[in-house]
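Here the structure is laid out as structure tokens; the discussion comes afterwards.
There are 2 protein chains.
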Amino acid sequence: MDEDVHSPPEVIVLGPPDIFRTEYEKLFDDKFRILKPWQSPLPLQQFLQTHAQKTRAAVCGGSFKYLGSEILDHLPSLGVVVSSAVGLDHIDVQECRCRGIAVAYASTIFSPDVADLAVGLLIDVLRRITAANRFVKSGIWQAKSIEGSYPLATKLSHKRVGIVGLGSIGQEVAKRLEAFDCKISYQSRNMKSSVSYPFYSDARELAAKSDILILCCALNDQTYHLITKDVLEALGNQGVIINVARGAIIDQKELVRFLQGGRIAGAGLDVLENEPHVPPEILELDNVVLSPHFAVYTEESFRDSYELIVGNLDAFFSNQPLLSPFLMQ
Amino acid sequence: MDEDVHSPPEVIVLGPPDIFRTEYEKLFDDKFRILKPWQSPLPLQQFLQTHAQKTRAAVCGGSFKYLGSEILDHLPSLGVVVSSAVGLDHIDVQECRCRGIAVAYASTIFSPDVADLAVGLLIDVLRRITAANRFVKSGIWQAKSIEGSYPLATKLSHKRVGIVGLGSIGQEVAKRLEAFDCKISYQSRNMKSSVSYPFYSDARELAAKSDILILCCALNDQTYHLITKDVLEALGNQGVIINVARGAIIDQKELVRFLQGGRIAGAGLDVLENEPHVPPEILELDNVVLSPHFAVYTEESFRDSYELIVGNLDAFFSNQPLLSPFLMQ
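The structure is reproduced here in structure tokens:
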């Protein structure tokens, strides 16, 4: 390594993470020599060949299409990938392992924000808050009063909540909904010894025992289209589904059919398959509350994210253990 | 009393409670001889003089303007008022006491639903869910993607929450928000020995120590316009206020000024002063989420309300203790 110890270390940013579109970009620029392929007219691979042959660290945003061999081949000096995201479905972690590239990720820093949004979407769907706000702001309340003109909502307390994926986010959701006197159960690959909630290995079985399904799992080969037609049927026409994980965990064509047909009662979706495309069939449905994959878009989480990315890069460049390793070098 | 034991007992309904606009009306009609002044062309007082001189029980809805001497004078046989509401600001309880009329009310049956809505409105305001739903459904997400076009939201976890009125609803709110790792404190007439949250006797002092104010108190002479300009100033321009109690607890003209000027960060209001009139100045504000005084409008709460009203009436007519007395006879 012939890196000049007096110049700031070089970091290639792929994606880029949304934090690079905020005031934090300047703070990154102050600490590192940041390579920004999105500002270059060169195609990415050519940019990497031209500018990044000695670059040892990459920051990768969740919106980056796929960091696999095709890209890694053009980053021969890479020693670490710091992902700004929790889900690593956009990074070929196995390939990084083979090449001896360490991977750091957002770990649990976003879990409270994602869990808060899951609960917020759930209350919004059950209690029809978004529709109510429009009802009031459009002047209908004032004109007609509420009598007879507003459908009754659904109570949250004491509902049976099935959590798909009881990792850090799932556990934060469970903790919150216990305080609403909900009955929690969960599905995951393995039973967790640290909790006493009823466990189901099968998503269909969990759905059959739940009024509400909340998806909190990672997207991978096992969870792709985990929520099938059969699972939705088991959830039933009084059931509600909340997704703060990844769109492709649900077979979205089936979900749209179930929502259109009133075969489930509602959905709160922060993520979609093929986002930002929104299936036109659900645009008019008041029992579907949508948000733009923004579960971590809070001032506080952006600050925490900045600090964790910088901390991981500082650790890497000073040969210290990564702060939030997903994969050790 | 010359009541015929074989005919169903007579009940005058004032208001009427919203439950009388649902399928429960028929169930009431099956059990009691319900007098419905709103279906008569007679003015109310004349209706009472004509039909209700021997009526011993009244059910009173929260929307009934005021049940005081002027009405009670025309109900000489009245022995009980069963209010469908929690707040009794629309009933002259002192006058009922003087006349030996018992008063039953909704007690705590609505507390979980009201607390759930308070938390839902709070997450909605902080995390901008209603605005986000419109952003997605109007096609802006699809057209522009989220980058740079969506303001960052505010994290809920670890915020300082001040609860005004730590009765049944306030305690349910506190229980829920503790699970979000919020720091709870409260203001009320008296310190509660049953909780260890910090207590403030003064609303301004509570606001100064809080990021979020949640109003859960009854409306009475002490709480009318409790939330003054000074309290809002103490809450500050990062502060958020949630009202699931009664509109007149806030000096609404001041609140509107503070919201317009960005001198507080947002509001979630299920109730307004002079509802259903909505101040036009707040209609366009995305940081204000409004709902039509519907905190108890769930299928489950309507069922519970029906059962409690019937239970109180049955108890009264069979000389048993009321199920949820506010004032004994």
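Going down the list, the protein sequences come from chains A and B.
The opening position of the first sequence corresponds to residue 143 in my numbering, with each subsequent residue numbered one higher.
The opening position of the second sequence corresponds to residue 143 in my numbering, with each subsequent residue numbered one higher.
For glycine and all other residues, C-beta sits at the position ideal for the given N, C-alpha and C.
Note that the structure is a prediction, hence the values are computed from the model and not measured.
query: The segment 400-421 of chain A: positions lying closer than 7 Å to chain B by Cβ; result: Pro418, His419, Val420
query: Integer-rounded CB distance, given that Ala390(B) should sit under 8 Å from Glu415(B); result: 5 Å
query: is_contact[Ile326(A), chain B] using C-beta, thresh 9 Å; result: no
query: Leu425(A) (DSSP reduced to helix, strand or coil); result: coil
query: Neighbour-count burial assignment, Pro434(B), 16 or more Cβ in a 10 Å radius; result: buried
query: Pair within 9 Å by beta-carbon distance, Ile383(B) and Leu361(B); result: no
query: First through last residue of the alpha helix (DSSP H) which encompasses Ser447(A); result: 441-459
query: Length-filtered (3 minimum) beta strand (DSSP E) runs lying within the segment 321-345 of chain B; result: 325-329
query: Within chain A, partners of Phe444(B) - CB distance below 7 Å; result: Leu294
query: Selection from Ser280(A), Asp456(A), Val222(A), Pro254(A) that minimises the alpha carbon distance to Cys240(A); result: Val222(A)
query: Supposed close pair Arg175(A), Pro150(A) - CB separation, criterion 8 Å; result: 5 Å
query: Outcome for Leu464(A) when other beta-carbon atoms lying within 10 angstroms are tallied against a minimum of 16; result: buried
query: Interface positions of the segment 158-174 of chain A facing chain B (Cβ-Cβ less than 8 Å), listed along the chain; result: Asp160, Arg163, Thr164
query: Simplified DSSP state of Pro467(B), which is helix, strand or coil; result: strand
query: Per-residue DSSP class, three states only, for Asp144(B); result: The predicted position of Asp144(B) is uncertain, since its pLDDT is 49 and thus under 50; a value taken from the coordinates is nonetheless stated next. Asp144(B) falls in the coil class under three-state DSSP.
query: Length of the line joining the Cα atoms of Leu308(A) and Ser249(A); result: 14 Å
query: Same chain, Cβ closer than 8 Å to Ala274(A), neighbours up to 5 away in sequence not counted; result: Tyr292
query: Residue interval of the beta strand (DSSP E) (run including Ser225(A)); result: 222-225
query: For Arg239(B), the first and last residue of its enclosing alpha helix (DSSP H); result: 235-241
query: As assigned by DSSP and simplified to three states, the class of Asn379(B); result: coil
query: Endpoints, the beta strand (DSSP E) within which Ala246(B) is located; result: 244-246
query: Thr440(B) at chain A interface by Cβ criterion, 9 Å; result: yes
query: Extent of the continuous alpha helix (DSSP H) to which Arg399(A) belongs; result: 394-402
query: Residue range of the unbroken beta strand (DSSP E) whose run includes Val267(B); result: From DSSP, Val267(B) is part of no beta strand (DSSP E) but of the alpha helix (DSSP H) over 253-269.
query: Meets three-Cβ-pair contact criterion under 8 Å: the segment 328-336 of chain A and the segment 263-278 of chain A; result: no
query: Residues sharing a beta bridge with Arg302(B), DSSP; result: Lys325(B)
query: Any C-beta of chain B under 9 Å from that of Phe277(A); result: yes
query: Assigned secondary structure, Arg276(A) (DSSP; H/G/I helix, E/B strand, else coil); result: helix
query: Proximal chain A residues relative to Gly312(B), where beta-carbon distance stays under 7 Å; result: Those within 7 Å of Gly312(B) in chain A number zero; the least Cβ separation is about 14 Å.
query: Cα-Cα separation, Arg198(B) to Asp363(B); result: 30 Å
query: Distance, Glu212(B) Cα to Glu237(B) Cα; result: 11 Å
query: Min CB distance Lys297(A) to chain B below 9 Å; result: yes
query: With 16 other Cβ atoms within 10 Å as the buried cut-off, status of Lys173(B); result: exposed
query: Local conformation of Gly210(A) per DSSP, three classes; result: coil
query: Below-9 Å beta-carbon distance, Asp255(A) vs any chain B residue; result: yes
query: Cβ pair Ala260(A), Ala437(A) closer than 9 Å; result: yes
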